[in-house]
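If you're matching them up, the sequences are chains R and A in order.
Just so we're aligned, residue 0 is where the first sequence starts under numbering that gives the first Met the number 0, counting upward by one.
Just so we're aligned, residue 0 is where the second sequence starts under numbering that gives the first Met the number 0, counting upward by one.
Heads up, the beta-carbon is just placed ideally off N, CA and C, and yes, glycines get one too.
Small disclaimer: the values here were computed from a predicted structure and weren't measured.
Reading through the structure tokens given below for one structure.
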Amino acid sequence: MQLFFLLEQVVNGLVLGGYYLLIALGLSLIFSVGGVVNLAHGAFYAIGAYISLEIANRLGFGAAVALSPVAVGVLGILFERFILRRFYTADPILSLLVTFGLALVAEQAIRMIWGAAPLPASMPQALKGSVILGDFLFSRYRLLLLAVVAVVLAGIWLLLNKTAFGRVVRAGIQRPDMVAALGIRLQPYMTSVVVLGVGMAALAGALFAPIAIVHPAMGAEIITVAFVVVVIGGLGSFWGVVLAALLVGVVRGVTIHFAPAAGEASMYILMFLVLLFRPRGLLGERIEKFE
Amino acid sequence: MTSTSEKRRKVLKAGAALTGAAALGFPAIVRAQSDAIKIGHLTPLTGFLGALGQYAQKGIQIALEEINAAGGVMGRRIQLLSEDSVNPATAATKAQRMLDQDGVAVLMGEINSASAKTIMQVAARNKRLFMQIGARSDVLRGADCNRYTFHVDIPVTVMVNAAGIALARDGLIKGKRIYCLTSDYLFGHDLSKAAKAFIAANGGTIVGDELTATDATDFSPFLLKIRQAKPDLVATNLGGNQVTNFVKQYSEFGLPFPVAGFNLNTADAWAAGEGNLGGVWPTVWHHELDTPGSKAFVAKFRKIHGQPPENHAWIEYVSLRIMAQAMNETKSTDTEKLIAYFEKEPQFDLLKARKGYFRSWDHQMMQEAYPFSVKPKGQAKDKWDFLKFGSAVPAADQPLEILAPTKAQSACKM
Numbered sequence: 000m001q002l003f004f005l006l007e008q009v010v011n012g013l014v015l016g017g018y019y020l021l022i023a024l025g026l027s028l029i030f031s032v033g034g035v036v037n038l039a040h041g042a043f044y045a046i047g048a049y050i051s052l053e054i055a056n057r058l059g060f061g062a063a064v065a066l067s068p069v070a071v072g073v074l075g076i077l078f079e080r081f082i083l084r085r086f087y088t089a090d091p092i093l094s095l096l097v098t099f100g101l102a103l104v105a106e107q108a109i110r111m112i113w114g115a116a117p118l119p120a121s122m123p124q125a126l127k128g129s130v131i132l133g134d135f136l137f138s139r140y141r142l143l144l145l146a147v148v149a150v151v152l153a154g155i156w157l158l159l160n161k162t163a164f165g166r167v168v169r170a171g172i173q174r175p176d177m178v179a180a181l182g183i184r185l186q187p188y189m190t191s192v193v194v195l196g197v198g199m200a201a202l203a204g205a206l207f208a209p210i211a212i213v214h215p216a217m218g219a220e221i222i223t224v225a226f227v228v229v230v231i232g233g234l235g236s237f238w239g240v241v242l243a244a245l246l247v248g249v250v251r252g253v254t255i256h257f258a259p260a261a262g263e264a265s266m267y268i269l270m271f272l273v274l275l276f277r278p279r280g281l282l283g284e285r286i287e288k289f290e
Numbered sequence: 000m001t002s003t004s005e006k007r008r009k010v011l012k013a014g015a016a017l018t019g020a021a022a023l024g025f026p027a028i029v030r031a032q033s034d035a036i037k038i039g040h041l042t043p044l045t046g047f048l049g050a051l052g053q054y055a056q057k058g059i060q061i062a063l064e065e066i067n068a069a070g071g072v073m074g075r076r077i078q079l080l081s082e083d084s085v086n087p088a089t090a091a092t093k094a095q096r097m098l099d100q101d102g103v104a105v106l107m108g109e110i111n112s113a114s115a116k117t118i119m120q121v122a123a124r125n126k127r128l129f130m131q132i133g134a135r136s137d138v139l140r141g142a143d144c145n146r147y148t149f150h151v152d153i154p155v156t157v158m159v160n161a162a163g164i165a166l167a168r169d170g171l172i173k174g175k176r177i178y179c180l181t182s183d184y185l186f187g188h189d190l191s192k193a194a195k196a197f198i199a200a201n202g203g204t205i206v207g208d209e210l211t212a213t214d215a216t217d218f219s220p221f222l223l224k225i226r227q228a229k230p231d232l233v234a235t236n237l238g239g240n241q242v243t244n245f246v247k248q249y250s251e252f253g254l255p256f257p258v259a260g261f262n263l264n265t266a267d268a269w270a271a272g273e274g275n276l277g278g279v280w281p282t283v284w285h286h287e288l289d290t291p292g293s294k295a296f297v298a299k300f301r302k303i304h305g306q307p308p309e310n311h312a313w314i315e316y317v318s319l320r321i322m323a324q325a326m327n328e329t330k331s332t333d334t335e336k337l338i339a340y341f342e343k344e345p346q347f348d349l350l351k352a353r354k355g356y357f358r359s360w361d362h363q364m365m366q367e368a369y370p371f372s373v374k375p376k377g378q379a380k381d382k383w384d385f386l387k388f389g390s391a392v393p394a395a396d397q398p399l400e401i402l403a404p405t406k407a408q409s410a411c412k413m
């Protein structure tokens, strides 16, 4: 019985990992291509959640989940075009500062527009409740969330590995100078990657709004987790981030099973161990421009 | 080009000055007449209690306008210097600065128990009055009590007793298996201690007792454990917005066991969303309280802010009125005179059925509290309306002190 309970935590952890993945993958992509650690990534997650509430109140939940990432994607174009683009080749400390500052500005802007008090968000009644699959208890809503994550993941993988767009992006990660020498401007690709990244963060915000509290500091809360996942997975590795996100979810669940008070600390301990034994991260690739 | 760059520099400078001012937090009113009575007010406006602090400021502002419109105190205006207390260290620094540089007569405010503690130390060191309005930890009025601090909000023990009495009456404690979930910080531990004492004294058994870090937003692993434990009641000792996260996810998983909790602020309940909240909880005040005083205050607040006041708005409103009354009756702003006045246990109107008073030996406001449950779906009038009041505790024929720790239980020595 004890083993069954533990297994149930593992399965639940995988589901939670899927949600971490949605945020971490965008962060990892933007870093891989632009060399910028986007500390404002959490802000897009928060804005995504708030915009989804506005849309949900008018057009319903489905429209909110579909349109909020699009709206945030448009913000992403402006963000890339007018801010991020200036920092690809600059000292990394500058991009850290500017994205960190932007995160603070965004949080305060949310406070001014929507107020400091957390906002209510509910899922459609039909998605509430749990289902039992093979003796394991699942929240119906989270199963749906997992399905959405799987579809997005497959889409991103196909885009990166099976299209001309993906070839340029992957080449750009390794040798931007060579891509330029071939006469390809990387900038539009970079804009697309940022839009994809922040769009995924917004999708995560919209999907998680009915589960967790929607408040101005929600972005600051999630960025740490996303960063930890990227570090554990290894920079530049698609599957590394996938593996790390699932691992962080599972390790958290198992830790809570045995030592609940240490639940939130578990991912940091995991990161510490990974950095100790595999500084490049689990599946981290060698990226020439960062060596 | 020079002119553009100069212009740009100016814009940058102005921007920097603005940001700096925003970070430091401007006092709400900068300078008024020199003969005004200055009161220093600190409350968290950012961080996990920031939402409650904004209600606090709105509430105290209404009291301030009323008092000044009615001629002030002893013919002098009250001037309120209200700032973000940020964190315990900043709270203490700002309190000291308000006393030294701004010349405030007394200090008021707080919601965060840890910040309240550091301001209490500043008050004691400077021998100046601090009316601690909204922090609820038992320790503040227990082992850490001092003669310069008066506490308005109900302490943790009273919250546990208020909800506990209703739970015991509903048959959810005696002989029942109870699963406790507690926020892992000062306030949560305080709640948990009081809750366990109440459950043990009333014949319940604790079958699970878990701590959760305050930054946890996902409770699913805990929900699985609760399902495995199959308790008769889930009792939460969670702080801040953790309560909201927990009830939302509990409703998401649709577990069948009744939930109750010993801490819930109205703002957290509002944030839960319709149909997500259930169970029995305690509150110190709610905007549907049926007394003339409360109705008048709620109407006024609604008119200004377009929504009903949260309990932190109410408590700040009555607190400034109490302070004004004390200064008027002692004809003084002197800390020693005010302490002597409060210790005579005069009665204050709290907009409730019964008046309240500060108990002389631990400076804790004795007042009614209320257990409440949640209106069934479809019965709420609007998005602010969720709560079904239980009758006030203590009952009308019982002394107000019976829910509070007794002198023998309290560690307070002044």
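query, result
"If we define contact as Cβ-Cβ less than 8 Å, is A:K247 a contact residue for chain R?", "yes"
"Mind listing the chain A neighbours of R:L15? Cutoff is C-beta to C-beta under 9 Å, in chain order.", "D217, S219 and P220"
"With 8 Å as the C-beta to C-beta threshold (strictly closer), list the residues of the segment 78 to 96 of chain R near chain A in chain order.", "none"
"Please report how far the alpha carbon of A:A234 lies from the alpha carbon of A:G278, in whole angstroms.", "10 Å"
"Quick check: R:A42 and R:A125, are their CB atoms within less than 8 Å of each other?", "no"
"Just the C-alpha distance for A:A123 and A:R226, rounded to the nearest angstrom, thanks.", "48 Å"
"Go ahead and pull the three-state DSSP assignment for R:E56.", "Just to set this straight, residue 56 of chain R is Asn in the shown sequence, not Glu. Here R:N56 sits in helix by DSSP."
"Got a sec: which bits of the segment 120 to 135 of chain R sit with their beta carbon under 8 Å from any beta carbon on chain A, in order along the chain?", "A120, S121, M122, Q124, K127, G128 and S129"
"Taking a cut of 7 Å between CB atoms, which residues from the segment 14 to 45 of chain R lie near chain A?", "L15"
"Does DSSP classify A:W360 as helix, strand or coil?", "coil"
"Give me the subset of the segment 96 to 128 of chain A whose CB atoms are less than 8 Å from a CB atom of chain R, sorted by chain position.", "none"
"Can you tell me whether DSSP reads R:G17 as helix, strand or coil?", "helix"
"In angstroms with no decimal places, state the Cα-to-Cα distance between R:N160 and R:R166.", "7 Å"
"Comparing alpha-carbon positions, which option in R:V10, R:A146, R:V69 and R:L52 lies nearest R:S191?", "R:V69"
"Say whether chain A places a C-beta atom closer than 8 Å to the C-beta of R:E7.", "yes"
"On the DSSP letters alone, give me the boundaries of the beta strand (DSSP E) that A:I177 sits inside.", "R176 to S182"
"How many whole angstroms separate the CB atoms of R:T231 and R:L245, which I take to be in contact at a CB cut-off of 8 Å?", "Before going further, note that residue 231 of chain R is Ile rather than Thr in the sequence given. Between R:L245 and R:I231 the Cβ distance is about 11 Å, and since that is not below 8 Å, they are no contact."
"What residue from A:D101, A:V85, A:A50 and A:K57 has the CA that sits closest to A:I38's CA?", "A:D101"
"Round the Cβ separation of R:V197 and R:G17 to the nearest angstrom and send it over; I've been treating them as touching at under 8 Å.", "Actually they are not in contact, since the Cβ atoms of R:V197 and R:G17 sit about 19 Å apart, beyond 8 Å."
"Pick helix, strand or coil for R:A108, following the three-state DSSP scheme.", "helix"
"Give a yes or no on whether the minimum CB-CB distance between A:T243 and chain R is below 8 Å.", "yes"
"Is A:T148 near the ligand FAD - that is, is its Cβ less than 7 Å away from at least one heavy atom of it?", "No copy of the ligand FAD occurs in the structure displayed, which carries no ligand at all."
"Report yes if the C-beta distance between A:A379 and A:I77 is below 8 Å; otherwise report no.", "no"
"Distance check for A:H40 and A:L428, CA to CA, integer angstroms please.", "Examination of residue 428 of chain A is not possible in this model, given that chain A is present from 0 through 413 alone."
"Any chance you could list the beta strand (DSSP E) runs of at least 3 consecutive residues sitting entirely within the segment 94 to 121 of chain A, in chain order?", "105 to 108"
"According to DSSP, what are the bridge partners of A:K336?", "A:K336 pairs with nothing; no bridge assigned."
"If R:V194 sits next to R:I76, beta carbons under 8 Å apart, how far is it from one beta carbon to the other, in whole angstroms?", "6 Å"
"Note down, in chain order, all residues in the segment 42 to 53 of chain A with a beta-carbon under 9 Å from any beta-carbon belonging to chain R.", "L44, T45, G46, F47, G49, A50, L51, G52 and Q53"
"Whose Cβ in chain A lies nearer than 9 Å to the Cβ of R:L206?", "Those within 9 Å of R:L206 in chain A number zero; the least Cβ separation is about 12 Å."
"Would you identify the three-state DSSP class for A:Q366, choosing helix, strand or coil?", "coil"
"What does A:L210 touch in chain R if you count any residue whose Cβ is under 7 Å from its own?", "P259 and A260"
"Determine the chain R residues that contact A:S250 at a beta-carbon separation under 7 Å, and present them in chain order.", "K127"
"Using a threshold of 8 Å, state whether the C-beta atoms of A:V155 and A:L190 are closer than that.", "yes"
"Measure the alpha-carbon distance for R:Q173 versus R:L269 and round it to whole angstroms.", "28 Å"
"To which residues of the same chain is R:M217 closer than 8 Å at the C-beta, ignoring the five residues directly before and after it?", "G41, Y44, A45, A48, G204 and A211"
"Does DSSP put A:K387 in a helix, a strand or coil?", "strand"
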